[in-house]
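Chains as they are written, first to last, in our numbering: chain A, 1 to 301; chain B, 302 to 584. Idealized CB from N, CA, C, for every residue including glycine. Heads up, the thing below is written out as structure tokens.
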Amino acid sequence: MNAPMPHLFAVTPLTRKKQRREQLARAVFFTMALLLVVPLVLIVVYLVVQAWPVLSWEFLTTNPKRGMRAGGIWSALLGTFYLVGFSLLVAAPIGILAAVYLNEYAKDNWFTRLVNLAVINLAAVPSIVHALFGLGAFVIFFGLGKSILAASLTLAIMTMPVIIASTKEALAAVPRSFREACWNVGATRWQTIRHVVLPNSISGILTGVILQVSRAAGETAPIMFTGAVFFKAIEEGNLFAYGLRDQCMALSMHLFTISTQVPDVPHGLPFATAVVLLGTVLFINTLAIILRVWLRSRKKW
Amino acid sequence: MESVIRLCGISAILFVFGIFFFVFREGGAVLFKNFKFGEFFFSPAWYPSSPTHVRYGTLALLAGTFSVTALAMVIAVPFGIGAAIFVSEFCGPKLKETLKIVIELLAAIPSVVWGFIGLTVLNPLIIWLFDAPIGLNVLNGGIILALMSVPIIVSIGEDALKAVPDSYREAGLALGATRWQLIYRVLLPAAKNGLLAAGLLGVARAVGETMAVLMATGHAINIPTSLLDPVRTLTATIAAELGEAPVHSDHYRVLFVIGILLFLITTVVNLTADLIVRGVRRK
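Written as structure tokens, this is what we have:
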């Protein structure tokens, strides 16, 4: 009757083999994940160590000198600032409204699918093809010439999918009941969006905008042929030293130039430029991450 | 207001067609002027500025793009999917959050900085390790591209694993499967389409990358026979030569034709990935 079954839950060799395999798999996958983290840390540390002697406030605020073999990065830094700023001015409104259309207005049909495919495709077009497009369209066809304007427009179109994607996600996170409540009191679709949906998703949208800035700041290929130049000296300390139709220097392009095109550049100079560029981009991204975490912690629904 | 929104909504379509139209507008002319398609695709001779015998064969450039991309995927796909499995199945919420942030930051590093790393870190390392004459080669470019495309593989791969219903996991665990058996026998088969899409998007990223390969692959037009051979890719060729080619010369137009080719390659790869992902979702 009460026949004991001592071996039912005992550890058999098979179980032990299973568990060993499990441990092994876990260790292998952990190593794989770790190997992704290690390069980031190593790279940042190595670059900063190499750049340390050169980095200073003066490095940021003086123009490159003696054929870019001395001096700082002022004109490149300001150029990047201009390019990012103007591309943001173009990409943010169009990108946000495009996401509003896709999330709030578009019906679920083949045309919407086509638009979504276009957004995905736009994000995947190689950066050098964007450069060709910018050259063919803005520089030549629209006659803007090689200028900050042409380069920013190229950057804007290239980085717009970043804004569209995160805005769409932010809008989709607003519960449908919010909208229904608003429609029920007689608000139009646009009033609902303007007063309920957008205010409730503003921080998500902001995250997308920040990511666009980081992406635009790092790009090189699209601006190479549409507005960035190897060298241009501008007035130091003047924030308005560039005009919209001027060509400009850019940090990313400057790093490419001094690390491959100019011989005999002092060792620390390209490293310092790389650190400033990488630091800017990672800082902006960290900002977006902090914003996102903070936002999630105080979400009301 | 509504019409403005509608216009912005369809702007993505306008931009994609605009890109194709304007690139074709600049490069198309050369296609209708007894353009040698055979030479373009099957000849390794790329001599765009030869004074006597100009030839536009892109075979070596295609081989360059292919070799670097293939190596990058050989490295990035196992690591990316392995990391995705770890993030999605093995680790706790805190570690998961941290890893995802690191991967996001890895994705944010600009391509020119990657190229610079290839130039200053990997180049001497490869020379030292393999006793190679030059460290700017397929290996260097492949490693850099792998690091660049791993974040997208991890994030899409993790989405694919997350999309497998929890009931599958519970059923497996209830039968006494260990987590590894569960992953190997249940999750991987169930998520295989999504993981395939992750790999394809990695390929699209690697094929289209420009600055990093321009700086890290050694810039020699060459069909590689070993990992230590320098090569040049389609993208790098455009970036390197567009500045020197006189506007609207044949050379200039052929560079735009290469642009059309790249546009078509990445479009096809992306649409395929999208169709696969969509198929998964419908199921």
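CA-to-CA distance, residue j to residue i, given in whole angstroms
i                 : j                 : result
Thr-257 (chain A) : Lys-65 (chain A)  : 14 angstroms
Glu-58 (chain A)  : Leu-315 (chain B) : 45 angstroms
Ile-427 (chain B) : Pro-39 (chain A)  : 16 angstroms
Glu-219 (chain A) : Ile-157 (chain A) : 12 angstroms
Phe-343 (chain B) : Phe-367 (chain B) : 14 angstroms
Gly-339 (chain B) : Ala-433 (chain B) : 35 angstroms
Val-569 (chain B) : Gly-503 (chain B) : 13 angstroms
Ser-351 (chain B) : His-552 (chain B) : 11 angstroms
Gly-286 (chain B) : Phe-133 (chain A) : Because chain B here runs from 302 to 584, residue 286 (chain B) falls outside it and cannot be looked at.
Gly-67 (chain A)  : Trp-294 (chain A) : 46 angstroms
Pro-199 (chain A) : Ile-193 (chain A) : 8 angstroms
Ile-561 (chain B) : Val-129 (chain A) : 8 angstroms
Pro-466 (chain B) : Leu-483 (chain B) : 13 angstroms
Gly-310 (chain B) : Ile-96 (chain A)  : 9 angstroms
Pro-425 (chain B) : Asn-523 (chain B) : 22 angstroms
Thr-273 (chain A) : Met-224 (chain A) : 17 angstroms
Pro-93 (chain A)  : Trp-190 (chain A) : 16 angstroms
Met-160 (chain A) : Leu-117 (chain A) : 14 angstroms
Ser-247 (chain B) : His-354 (chain B) : No answer is possible for residue 247 (chain B): the residues shown for chain B start at 302 and end at 584.
Leu-308 (chain B) : Pro-490 (chain B) : 42 angstroms
Gln-19 (chain A)  : Thr-479 (chain B) : 7 angstroms
Ala-240 (chain A) : Lys-146 (chain A) : Checking the displayed sequence, the identity of residue 240 (chain A) turns out to be Phe instead of Ala. Near 19 angstroms, if we compare the C-alpha coordinates of Lys-146 (chain A) and Phe-240 (chain A).
Phe-341 (chain B) : Glu-542 (chain B) : 17 angstroms
Pro-222 (chain A) : Phe-138 (chain A) : 12 angstroms
Leu-287 (chain A) : Asn-184 (chain A) : 38 angstroms
Ala-377 (chain B) : His-195 (chain A) : 45 angstroms
Gly-71 (chain A)  : Asn-121 (chain A) : 41 angstroms
Neighbourhood of residue i by C-beta, 7 angstroms cutoff - its chain only, sequence neighbours within 5 removed
i                 : result
Arg-554 (chain B) : Glu-327, Gly-328, Ala-330 and Val-331
Met-1 (chain A)   : At Met-1 (chain A), the pLDDT of 48 sits below 50, so the modelled position is not reliable and the matter cannot be decided from this model.
Ile-566 (chain B) : Val-508
Cutoff 8 angstroms: residue i Cβ touching any chain D Cβ
i                 : result
Arg-480 (chain B) : Checking the listed chains, one finds no chain D in this structure; the protein chains it contains are A and B.
Contacting residues, own chain, Cβ-Cβ under 8 angstroms from residue i (five flanking each side not counted)
i                 : result
Ala-513 (chain B) : Ser-412, Val-413, Trp-415, Gly-416, Gly-419, Gly-442, Ile-445, Leu-446 and Met-449
Phe-271 (chain A) : Leu-47, Gln-50, Ala-51 and Val-54
Val-213 (chain A) : Val-84, Leu-88 and Ile-284
Leu-291 (chain A) : Ser-203, Leu-206, Thr-207 and Ile-210
Leu-528 (chain B) : Leu-372, Asn-438, Val-439, Leu-440 and Gly-443
Ile-577 (chain B) : Asn-494, Gly-495, Leu-497, Ala-498 and Leu-501
Tyr-242 (chain A) : Leu-78, Gly-79, Tyr-82, Ile-148, Ile-234 and Cys-248
Where residue i falls, given that 16 or more other Cβ within 10 Å makes a residue buried
i                 : result
Gly-500 (chain B) : buried
Thr-280 (chain A) : buried
His-549 (chain B) : exposed
Pro-531 (chain B) : buried
Gln-307 (chain A) : What the structure shows of chain A is the stretch from 1 to 301, and residue 307 (chain A) is not part of that stretch, so it cannot be assessed.
Tyr-357 (chain B) : buried
Ala-472 (chain B) : exposed
Glu-303 (chain B) : exposed
Gly-493 (chain B) : A quick correction: the sequence has Lys, not Gly, at residue 493 (chain B). So Lys-493 (chain B) counts as exposed.
Trp-429 (chain B) : exposed
Tyr-348 (chain B) : exposed
Asp-575 (chain B) : buried
Phe-380 (chain B) : buried
Thr-12 (chain A)  : exposed
Ser-468 (chain B) : exposed
Ser-56 (chain A)  : exposed
Gly-143 (chain A) : exposed
Phe-29 (chain A)  : buried
Thr-188 (chain A) : exposed
Of the residues the options, the one placed nearest residue i, counting alpha carbons only
i                 : options                                       : result
Phe-387 (chain B) : B:Leu-488, B:Thr-359, B:Pro-349 and B:Val-305 : B:Leu-488
Leu-149 (chain A) : A:Val-276, A:Val-37, A:Leu-244 and A:Glu-22   : A:Leu-244
Pro-126 (chain A) : B:Thr-536, B:Ile-311 and B:Ile-382            : B:Thr-536
Val-119 (chain A) : A:Ser-252, A:Leu-255 and A:Ser-166            : A:Ser-166
Gly-237 (chain A) : A:Ala-25, A:Ala-76, A:Thr-31 and A:Ala-27     : A:Ala-76
Val-44 (chain A)  : B:Phe-431, B:Leu-543 and B:Val-403            : B:Val-403
Val-229 (chain A) : A:Ala-241, A:Met-249 and A:Glu-235            : A:Met-249
Phe-231 (chain A) : A:Lys-107, A:Pro-222, A:Gln-261 and A:Ala-221 : A:Gln-261
Leu-423 (chain B) : B:Ile-457, B:Val-558, B:Ala-517 and B:Glu-405 : B:Ala-517
Ala-33 (chain A)  : B:Ala-364, B:Ala-385 and B:Phe-341            : B:Ala-385
Phe-391 (chain B) : B:Leu-407, B:Leu-462 and B:Asn-335            : B:Leu-462
Thr-226 (chain A) : A:Val-37, A:Ser-152, A:Ala-124 and A:Val-11   : A:Ser-152
Ala-329 (chain A) : B:Pro-452, B:Glu-510, B:Thr-421 and B:Ala-546 : In this structure chain A extends from 1 to 301, so residue 329 (chain A) is not present and cannot be described.
Arg-16 (chain A)  : B:Thr-526, B:Gly-477, B:Tyr-485 and B:Ala-540 : B:Gly-477
Val-162 (chain A) : A:Gly-186, A:Ala-216 and A:Phe-141            : A:Ala-216
Thr-399 (chain B) : A:Leu-60, A:Ala-99, A:Val-37 and A:Leu-155    : A:Val-37
Asp-460 (chain B) : B:Ile-306, B:Phe-322, B:Phe-321 and B:Arg-579 : B:Arg-579
Ile-539 (chain B) : B:Tyr-485, B:Leu-363 and B:Ala-464            : B:Leu-363
Same chain, Cβ closer than 6 angstroms to residue i, neighbours up to 5 away in sequence not counted
i                 : result
Ala-339 (chain A) : A question about residue 339 (chain A) goes unanswered here, because the residues of chain A that appear run from 1 up to 301.
Practice prompt. Kindly confirm or deny that the segment 106-121 of chain A and the segment 169-189 of chain A touch, where touching means at least three C-beta pairs closer than 8 angstroms.
Written response: no
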